[in-house]
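S.K.: Structure in structure tokens, see below.
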Amino acid sequence: MRTPRRIAVFLSALAVASASSAVVASSAQAAAACYAGELCVYQHSNYTGSVFKVPADSRGWLCDMDLRNNTFYNGEPMDNKASSIKNNTGKAVDLYLDPATNGIDIDYIISWQQSVPNMATVVPSGSFAGGNLDNQLSGIC
Ligand SMILES: [Ca+2]
21 MRTPRRIAVF
31 LSALAVASAS
41 SAVVASSAQA
51 AAACYAGELC
61 VYQHSNYTGS
71 VFKVPADSRG
81 WLCDMDLRNN
91 TFYNGEPMDN
101 KASSIKNNTG
111 KAVDLYLDPA
121 TNGIDIDYII
131 SWQQSVPNMA
141 TVVPSGSFAG
151 GNLDNQLSGI
161 C
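If you count by my numbering, then the sequence shown holds residues 21 to 161, one letter each, in order.
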């Protein structure tokens, strides 16, 4: 009589698996996952819309000082279009509101593993003081 019991256990495990994949599917529509070690820039607030995961540069840093030649994964340009950021790295991240090819004009720093769900609520420093970071990001490192 062990077989029916095993089948029952298998079926209930399958039901749980189906239920959780349904949850994954609906949250995937809302937001792309940002895994440990990744630095993820989202098109819309609360980590929704398309995403750009900052790739490592030649030094191994997750860094792109000029986002004018980058797109979100849906193909839309990302310069001045980011509205939330997840920093799942162990390092602080510098945000630049101008393409920072000289690397000196840091406008905001997010701490290690700090995320920014709505960049409209974040006030930058420096020459952009008084505005906010929404749809302003042009470099990240
Ligand atoms: Ca770039």
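Every residue gets a Cβ at the ideal spot worked out from N, C-alpha and C, and that includes glycine. Every value quoted in this text rests on a predicted model; they were computed, and no experiment measured them.
Expressed to the nearest angstrom, what Euclidean distance is found between the alpha-carbon atoms of Ser-46 and Asp-114?
M.R.: The count along the sequence shown starts at 1 and reaches residue 46 at position 26. The count along the sequence shown starts at 1 and reaches residue 114 at position 94. The pLDDT assigned to Ser-46 is 44, lower than 50, so where the model puts this residue is not dependable; a value taken from the coordinates is nonetheless given after this. C-alpha separation (whole angstroms): 32 Å.
S.K.: Return the first residue and the last residue of the beta strand (DSSP E) that Ser-70 is part of.
M.R.: For the purposes of this step, residue 70 is taken as residue 50 along the sequence shown, with counting starting at 1. Where Ser-70 is concerned, the enclosing beta strand (DSSP E) stretches over 68-73.
S.K.: So Ser-158 and Leu-87 are in contact, right, with Cβ under 8 Å, and what is the actual spacing, rounded?
M.R.: Within the sequence shown, residue 158 is the residue found at index 138, counting from 1. Within the sequence shown, residue 87 is the residue found at index 67, counting from 1. The pair is a contact, with the Cβ atoms about 5 Å apart (cut-off 8 Å).
S.K.: Within a Cβ cutoff of 6 Å, which residues of the same chain sit near Lys-73, ignoring the five residues on either side of it in sequence?
M.R.: Position 53 of the sequence shown holds residue 73. Closer than 6 Å at the Cβ level, and outside the excluded window around Lys-73, lie Glu-58 and Cys-60.
S.K.: Determine the closest residue to Phe-92 out of Lys-111, Gln-63, Ile-105 and Asp-77, with distance taken between C-alpha atoms.
M.R.: Stepping through the sequence shown from its first residue, residue 92 is reached at position 72. With distances taken between Cα atoms, Phe-92 lies closest to Gln-63.
S.K.: Kindly indicate which residue of Met-139, Ile-160 and Lys-106 has the alpha-carbon position closest to the one of Gly-151.
M.R.: Translated into the one-based positions of the sequence shown, residue 151 becomes position 131. Of the candidates Met-139, Ile-160 and Lys-106, the one whose C-alpha sits nearest the C-alpha of Gly-151 is Met-139.
S.K.: Where does Leu-76 fall in DSSP's three states?
M.R.: Numbered from 1 along the sequence shown, position 56 holds the residue referred to as residue 76. It is worth fixing the name first, because residue 76 is Ala in this sequence and not Leu. Correct three-state label for Ala-76: strand.
S.K.: For Gln-156, count neighbouring Cβ atoms within 10 angstroms of its own Cβ and tell me buried if that reaches 16, exposed if not.
M.R.: Along the sequence shown, one-based indexing puts residue 156 at 136. When all chains shown are included, Gln-156 counts as buried.
S.K.: Pull up the distance between the alpha-carbon of Thr-141 and that of Tyr-55, whole angstroms please.
M.R.: Here residue 141 refers to the residue found at position 121 of the sequence shown. Here residue 55 refers to the residue found at position 35 of the sequence shown. Distance between the alpha carbons of Thr-141 and Tyr-55: 24 Å.
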